[in-house]
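S.K.: Can you keep this structure in mind? I'll have questions shortly.
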Amino acid sequence: MAGLKDATAVVGIGQTPFAKHLPDDERTLACRAVLAALDDAGIAPGEVDALASYTMEETDEVELAKAVGLGDLTFFSKVGYGGGGSCATVAHLAAAIATGQATVGVAWRSRKRGSGPRPWTDTAVQLPTPAQWTRPFGLLRPADEIAVLTRRYMHEYGATRDHLFNVALACRNRANQNSAAIMYDRPLTREMYMTSRWISEPLCLFDNCLETDGALACVIVSRERARDCRHTPVYVHSAAQGLPAQHHGMVNYWNDDPLTGPAHATARHLWKHADFTPQDVDVAQIYDAFTSLIPLSLEGYGFCGRGEGGAFTEGGALEIGGRLPLNTGGGGLSEAYVHGFNLINEGVKQLRGTSTAQVPGAATCLVTAGEGVPTSALLLRS
Amino acid sequence: MLTPVTDADGAPFWRYAAHGELRVQACADCGEPRFPPRPCCPDCQSFASEWRQLGGHGRIWSYVVPHPPLLPDYAAQAPYNVIVVELADAPRIRLVGNLVTQAGAPLNSLSPDRIRIGAKVQVVFTGTGLPQWILERP
Numbered sequence: 001m002a003g004l005k006d007a008t009a010v011v012g013i014g015q016t017p018f019a020k021h022l023p024d025d026e027r028t029l030a031c032r033a034v035l036a037a038l039d040d041a042g043i044a045p046g047e048v049d050a051l052a053s054y055t056m057e058e059t060d061e062v063e064l065a066k067a068v069g070l071g072d073l074t075f076f077s078k079v080g081y082g083g084g085g086s087c088a089t090v091a092h093l094a095a096a097i098a099t100g101q102a103t104v105g106v107a108w109r110s111r112k113r114g115s116g117p118r119p120w121t122d123t124a125v126q127l128p129t130p131a132q133w134t135r136p137f138g139l140l141r142p143a144d145e146i147a148v149l150t151r152r153y154m155h156e157y158g159a160t161r162d163h164l165f166n167v168a169l170a171c172r173n174r175a176n177q178n179s180a181a182i183m184y185d186r187p188l189t190r191e192m193y194m195t196s197r198w199i200s201e202p203l204c205l206f207d208n209c210l211e212t213d214g215a216l217a218c219v220i221v222s223r224e225r226a227r228d229c230r231h232t233p234v235y236v237h238s239a240a241q242g243l244p245a246q247h248h249g250m251v252n253y254w255n256d257d258p259l260t261g262p263a264h265a266t267a268r269h270l271w272k273h274a275d276f277t278p279q280d281v282d283v284a285q286i287y288d289a290f291t292s293l294i295p296l297s298l299e300g301y302g303f304c305g306r307g308e309g310g311a312f313t314e315g316g317a318l319e320i321g322g323r324l325p326l327n328t329g330g331g332g333l334s335e336a337y338v339h340g341f342n343l344i345n346e347g348v349k350q351l352r353g354t355s356t357a358q359v360p361g362a363a364t365c366l367v368t369a370g371e372g373v374p375t376s377a378l379l380l381r382s
Numbered sequence: 383m384l385t386p387v388t389d390a391d392g393a394p395f396w397r398y399a400a401h402g403e404l405r406v407q408a409c410a411d412c413g414e415p416r417f418p419p420r421p422c423c424p425d426c427q428s429f430a431s432e433w434r435q436l437g438g439h440g441r442i443w444s445y446v447v448p449h450p451p452l453l454p455d456y457a458a459q460a461p462y463n464v465i466v467v468e469l470a471d472a473p474r475i476r477l478v479g480n481l482v483t484q485a486g487a488p489l490n491s492l493s494p495d496r497i498r499i500g501a502k503v504q505v506v507f508t509g510t511g512l513p514q515w516i517l518e519r520p
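The listed protein sequences derive, respectively, from chains C and X.
Under the numbering used here, the residue at position 153 of the first sequence is numbered 153, and the numbers go up by one with no gaps.
Under the numbering used here, the residue at position 108 of the second sequence is numbered 490, and the numbers go up by one with no gaps.
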């Protein structure tokens with residue numbers, strides 16, 4: 001079987017500005033990001049025959065296709081579990097194109113989470129499971145649910161708030177290099193971090209991602225087609241989704257080992273189909289809705305052993321020049337929180353050599369989707 | 383305050399809780415307890431289940447202290463605690479709840495600096511049948 005390995009490539013990326021409030025509605029932002037990505041690729045909208053997005057995306061395929069003038073679509077897919085679906089949008093398109101179901105795919109996410117409502121404030125749509133077991137007791141927000149796992153992680157392995165600060169600082173430092181980032185002109189200090197207000201102890205304000213309006217998109221084609229596009233192709237080397245046995249989402253409290261998140265199952269498949277190893281990854285874009293997802297993901301994707309994720313962040317390991325430069329556009333913590341799609345596009349920028357915080361000679365990049373929910377990941381290579 | 387929005391699988395838990403009983407679903411064939419409740423047993427695939435009474439003792443496995451922004455009823459009590467309790471007689475089942483000074487006390491009735499991972503706790507029930515937890519050695 002030929003498989004997915006390097007069979008497709010990302011050839012176009014596009015984004016809108018990021019802000020706390022953008023005047024355009026989500027549909028308009030989606031159109032702008034998709035057209036920007038197609039223009040970047042040098043591909044006309046009429047050539048697009050495949051789409052992929054998140055189940056939480058509110059601009060549907062019909063609205064997007066008729067607005068921007070897409071061709072006849074033969075493949076369209078939506079992936080569930082919020083930010084866990086980000087990399088899977090690219091993976092689904094890669095699979096569709098590699099198997100001949102389509103030729104030009106566009107993945108996108110448009111969201112007004114900066115000026116729109118916080119999802120957890122909508123008490124009418126709470127699902128019976130697991131909300132009945134958690135929400136009456138005041139475990140209301142994703143931050144609360146992940147804070148439970150964070151506290152246990154710190155207790156079990158001796159991880160500290162300084163480790164979480166290392167994550168926040170690396171993302172902020174990269175955002176300070178990226179004029180498109182929300183936090184471009186806002187440096188972070190350890191004192192600011194340690195004295196900031198709590199959101200859900202042990203998570204403080206700077207452990208939480210931004211609330212952002214914005215949209216992004218990327219274009220995927222076969223490796224043969226990619227050679228004719230405007231930019232250096234960025235190949236989808238390996239891709240995986242992961243829903244581990246007896247996993248319960250962000251309230252993963254009801255199994256043998258709650259701290260073994262979906263990253264572990266995803267990573268096993270991802271590396272099984274790759275020609276390189278974690279030690280060969282030049283730069284990583286790891287989903288950072290909360291700082292504590294980084295140590296958990298570093299362990300899950302094999303950059304260190306169980307319980308070593310906190311210590312891994314020491315000594316500038318996540319900075320440019322460190323062991324594993326992280327979230328080089330600023331990530332969800334400091335560039336924009338658009339369900340992780342900015343991490344995908346930043347991975348492409350690194351492998352094109354055009355990042356605002358370029359890792360010299362970067363040829364391989366790991367991109368991950370939300371840890372703590374059924375997730376997905378990509379290995380990209382130039 | 384939010385009340386449990388229950389479903390067919392979860393309803394028995396709340397019916398028993400209303401009578402002051404802490405019970406969890408267990409497989410009627412292989413005996414394995416499971417939580418949250420669901421239609422069939424992930425170990426033996428049996429659809430037969432029973433509701434097993436537990437002693438109501440456990441240890442704090444983790445906890446958080448939420449601060450605003452929160453829903454109004456919860457913001458009014460913030461900062462409060464939410465604990466996750468590992469049950470003594472079903473260790474893989476960890477129930478989310480609140481550590482309080484006595485049954486029916488508000489979510490913020492106990493100072494957060496009294497909370498420790500590993501502390502022994504015991505279940506109590508509010509008048510409306512919501513489980514809460516008190517320290518075994520206050």
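Here a beta-carbon is modelled for each residue, glycine too, at the ideal position from N, C-alpha and C.
Would you mind working out which of C:P295, C:I182, C:A265 and C:G14 sits nearest H21 of chain C, comparing C-alpha positions?
M.R.: Ranking the options by Cα distance to H21 of chain C, first place goes to C:I182.
S.K.: Closer than 9 Å, Cβ to Cβ, to anything on chain C: give me those residues from the stretch 413-425 of chain X, in chain order.
M.R.: Those would be R416, F417, P418, P419, R420 and P424, in chain order.
S.K.: Under the rule that 16 or more other beta-carbon atoms within 10 Å means buried, what is P520 of chain X, buried or exposed?
M.R.: With fewer than 16 Cβ atoms within 10 Å of its Cβ, P520 of chain X is classed as exposed.
S.K.: Are A393 of chain X and G511 of chain X close, meaning C-beta to C-beta below 7 Å?
M.R.: Not closer than 7 Å, so no.
S.K.: Say whether chain X places a C-beta atom closer than 7 Å to the C-beta of R306 of chain C.
M.R.: Chain X contact via Cβ: absent.
S.K.: Within 7 Å (strictly less), CB to CB, does V148 of chain C reach chain X?
M.R.: Closer than 7 Å: yes.
S.K.: Against chain X, with Cβ distances strictly below 7 Å, would T134 of chain C count as a contact?
M.R.: Yes, because at least one Cβ of chain X sits closer than 7 Å to the Cβ of T134 of chain C.
S.K.: Could you compute how far the alpha carbon of G500 of chain X sits from the alpha carbon of I442 of chain X?
M.R.: G500 of chain X and I442 of chain X: Cα-Cα distance of roughly 5 Å.
S.K.: Between the stretch 466-481 of chain X and the stretch 158-172 of chain C, do at least 3 Cβ pairs fall closer than 8 Å?
M.R.: With the cut-off at 8 Å, the stretch 466-481 of chain X and the stretch 158-172 of chain C do not touch.
S.K.: Quick check for students: name the residue ranges of the beta strand (DSSP E) that lie wholly in the stretch 78-162 of chain C, counting only runs of 3 or more.
M.R.: Complete beta strand (DSSP E) runs here, min 3: 104-112.
S.K.: Which same chain residues end up closer than 8 Å to L453 of chain X when comparing Cβ atoms and leaving out the 5 residues on each side of it in sequence?
M.R.: Closer than 8 Å at the Cβ level, and outside the excluded window around L453 of chain X, lie L384.
S.K.: Do you know offhand how far G105 of chain C's Cα is from D455 of chain X's?
M.R.: When rounded, the distance between both Cα atoms is 46 Å.
S.K.: Counting contacts by CB-CB distance shorter than 7 Å, is P130 of chain C in contact with chain X?
M.R.: P130 of chain C counts as touching chain X.
S.K.: Let me know the secondary structure DSSP gives F206 of chain C once reduced to three states.
M.R.: F206 of chain C falls in the helix class under three-state DSSP.
S.K.: P513 of chain X: which of X:Q407, X:N480 and X:A460 sits nearest, CA to CA?
M.R.: When only C-alpha atoms are compared, the closest one is X:N480.
S.K.: If L343 of chain C sits next to Q285 of chain C, beta carbons under 8 Å apart, how far is it from one beta carbon to the other, in whole angstroms?
M.R.: Correct: roughly 4 Å between the Cβ atoms.
S.K.: I'd like the span of the alpha helix (DSSP H) that includes A37 of chain C, first residue to last.
M.R.: It spans E26 to A41 - the alpha helix (DSSP H) in which A37 of chain C sits, taken as one unbroken run.
S.K.: Looking at the structure shown, is S297 of chain C part of a helix, part of a strand, or coil, going by DSSP?
M.R.: Looking at S297 of chain C - three-state DSSP - the assignment turns out to be helix.
S.K.: With distances taken Cα to Cα, identify the nearest neighbour of S428 of chain X among X:P494, X:A410 and X:D495.
M.R.: Measuring from the Cα of S428 of chain X, the nearest candidate turns out to be X:A410.
S.K.: Establish whether the CB of S292 of chain C and some CB of chain X are separated by less than 7 Å.
M.R.: No, its Cβ sits nowhere closer than 7 Å to a Cβ of chain X.
S.K.: Taking the C-alpha atoms as reference points, what is the distance between A88 of chain C and F165 of chain C?
M.R.: About 29 Å.
S.K.: Straight-line CA distance for A52 of chain C to V34 of chain C?
M.R.: Taking the straight line joining both Cα atoms gives about 12 Å.
S.K.: Is there contact between the stretch 106-113 of chain C and the stretch 24-43 of chain C, where contact requires at least three CB pairs shorter than 8 Å?
M.R.: A contact exists between the stretch 106-113 of chain C and the stretch 24-43 of chain C.
S.K.: For G400 of chain C, go through chain X and note every residue whose CB falls closer than 8 Å to its CB, in chain order.
M.R.: What is shown of chain C runs 1 to 382, which leaves residue 400 of chain C out entirely.
S.K.: Is the beta carbon of G84 of chain C less than 7 Å from the beta carbon of D40 of chain C?
M.R.: It is not a contact, given that the beta carbons lie outside the stated cut-off.
S.K.: Would F303 of chain C and P278 of chain C qualify as a contact pair, given that the criterion is a beta-carbon distance under 7 Å?
M.R.: Cβ atoms of F303 of chain C and P278 of chain C: closer than 7 Å.
S.K.: By the 9 Å beta-carbon criterion, what residues does the stretch 225-256 of chain C contribute toward chain X?
M.R.: Cβ contacts with chain X: A245, Q246, H248, V251, Y253, W254, N255 and D256.
S.K.: Could you spell out the range, first to last residue, of the beta strand (DSSP E) harbouring P448 of chain X?
M.R.: P448 of chain X -> beta strand (DSSP E) spans H439 to P448.
S.K.: For the alpha helix (DSSP H) that contains R416 of chain X, what are its first and last residues?
M.R.: Where R416 of chain X is concerned, there is no enclosing alpha helix (DSSP H), given that its DSSP letter is neither H nor E.
S.K.: Below 8 Å on the Cβ atoms is my contact criterion, and I expect R174 of chain C with T74 of chain C to pass it. Report the Cβ-Cβ distance as a whole number of Å.
M.R.: About 38 Å separates the two Cβ atoms, so there is no contact after all.
S.K.: Compile a chain-ordered list of the residues in the stretch 155-185 of chain C whose CB is closer than 7 Å to at least one CB of chain X.
M.R.: The residues in question are H155.
S.K.: Take G300 of chain C as the anchor and find which of C:P244, C:V283 and C:H231 has the nearest alpha-carbon.
M.R.: Closest option to G300 of chain C, Cα to Cα, is C:P244.
S.K.: Can you tell me the Cα-Cα spacing of V283 of chain C and L380 of chain C, whole angstroms?
M.R.: About 10 Å.
S.K.: Closest to R434 of chain X by CA distance: which of X:I475, X:E518, X:P424 and X:S444 is it?
M.R.: For R434 of chain X, the nearest C-alpha among the options comes from X:I475.
S.K.: What separation, rounded to the nearest whole angstrom, lies between the Cα atoms of G315 of chain C and G322 of chain C?
M.R.: Near 8 Å, if we compare the C-alpha coordinates of G322 of chain C and G315 of chain C.
S.K.: What number of angstroms, rounded off, separates the C-alpha of V10 of chain C from the C-alpha of G249 of chain C?
M.R.: Taking the straight line from one Cα to the other gives about 29 Å.
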